[in-house]
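A.B. asks: Before we start, here is the structure in question, set down as structure tokens.
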Ligand SMILES: CC(C)(COP(=O)(O)OP(=O)(O)OC[C@H]1O[C@@H](n2cnc3c(N)ncnc32)[C@H](O)[C@@H]1OP(=O)(O)O)[C@@H](O)C(=O)NCCC(=O)NCCS
């Protein structure tokens with residue numbers, strides 16, 4: 005297709021504390037994220053990069069540079085439910101397949117372990133691309149809480165069931 009950026013093949017690797025500045029820069033370059041959300045993203049990153057059992061993660065590297073990252077973890081007080089806590093790709097590299105590689109990596113690592121993956125995102129118009137991303141990857145919109153984040157800023161919950169022998 006004319007004008008479409010080609011898909012790339014990033015290398016998946018573990019997150020490391022040294023990635024923190026790059027993770028913060030990617031978050032600050034993402035127009036969707038407010039400052040308070042960036043602070044939370046860094047908390048999640050710190051957990052995933054420093055071996056917390058509650059936060060698991062992976063990074064996608066392209067040409068020797070972190071291009072995106074994902075973090076997830078077991079949801080407390082559930083049997084086999086996991087939350088996708090954070091997913092972000094460098095805005096300069098959106099639409100090149102990196103987010104897909106990261107979400108597939110999470111699903112691969114949860115196969116046989118997780119029963120359900122839950123994603124919480126926003127219902128605002130500027131999140132339409134994000135919602136389309138999850139929907140096209142098999143995540144089903146299951147709930148909305150109106151005005152959750154702020155007036156006219158809904159919470160939208162997506163769920164994907166993993167079919168595994170373990171469950
Ligand atoms: C959502 C996000 C992780 C997707 O990663 P990505 O590498 O751009 O996605 P991919 O290239 O693998 O897939 C492209 C798909 O994502 C969707 N998408 C969402 N935002 C997009 C953007 N800015 N540019 C291009 N595609 C985008 C499109 O629907 C596209 O669909 P298609 O495959 O049918 O063409 C990434 O756009 C991002 O970091 N967005 C901002 C942060 C965010 O919303 N994080 C999730 C919070 S819950």
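In our numbering, the protein residues as written are 5 to 171.
By construction, the Cβ of each residue, glycine as well, lies at the ideal position given by its N, Cα and C atoms.
1) Return the bridge partner residues of residue 120 from the DSSP annotation.
2) Using a Cβ-Cβ cut-off of 7 angstroms (strictly less than) and excluding sequence neighbours within five positions of residue 137, which residues of its own chain qualify?
3) Within a Cβ cutoff of 7 angstroms, which residues of the same chain sit near residue 171, ignoring the five residues on either side of it in sequence?
4) May I ask whether a heavy atom of ligand 1 can be found less than 7 angstroms away from the beta carbon of residue 165?
5) At the level of alpha carbons, what is the spacing between residue 161 and residue 79?
6) Mind checking whether residue 64 and residue 123 have CB atoms under 8 angstroms apart?
7) Buried or exposed: residue 125, going by 16 or more other Cβ atoms within 10 Å of its Cβ?
8) For ligand 1, is there any heavy atom lying closer than 7 angstroms to the beta carbon of residue 91?
9) Select from 44, 151, 148 the residue whose C-alpha is nearest the C-alpha of residue 31.
10) Runs of 4 residues minimum, wholly inside the stretch 46-82: which ones carry the alpha helix (DSSP H) assignment?
11) Look at the alpha carbon of residue 113 and the alpha carbon of residue 18, and state the distance between them as a whole number of angstroms.
12) In chain order, what residues of the same chain have a beta carbon less than 6 angstroms from the beta carbon of residue 174, not counting five sequence neighbours either side?
13) Flag residue 27 as yes when its Cβ comes closer than 7 angstroms to any non-hydrogen atom of ligand 1, and as no otherwise.
14) Cβ of residue 99 within 7 angstroms of any heavy atom in ligand 1?
15) Check this for me: beta carbons of residue 86 and residue 77, under 8 angstroms apart or not?
C.D. replies: The structure says:
1) Residue pairing by DSSP places residue 120 opposite 85, 165 in a beta bridge.
2) Result list for residue 137: 103, in chain order.
3) Any reading at residue 171 must be qualified, since the residue scores a pLDDT of 45, below 50, and its modelled position is unreliable; no value is offered.
4) Residue side-chain check: residue 165 keeps its Cβ at 7 angstroms or more from all non-hydrogen atoms of ligand 1.
5) When rounded, the separation of the alpha-carbon atoms in residue 161 and residue 79 is 14 angstroms.
6) No. Outside cutoff.
7) Counting Cβ neighbours within 10 Å, residue 125 comes out buried, since at least 16 surround it.
8) With a threshold of 7 angstroms, the Cβ atom of residue 91 counts as near ligand 1, since some heavy atom of the ligand is closer than that.
9) If we check each option's Cα against that of residue 31, 44 comes out closest.
10) Unbroken alpha helix (DSSP H) stretches of 4 residues or longer found wholly inside the stretch 46-82: none.
11) Rounded to the nearest angstrom, the two C-alpha atoms are 13 angstroms apart.
12) Absent from the model: residue 174. The displayed extent of the chain is 5 to 171, so no value can be given.
13) Incorrect: residue 27 has no Cβ contact closer than 7 angstroms to ligand 1.
14) Answer for residue 99: yes, Cβ within range of ligand 1.
15) The answer is yes: Cβ separation under 8 angstroms.
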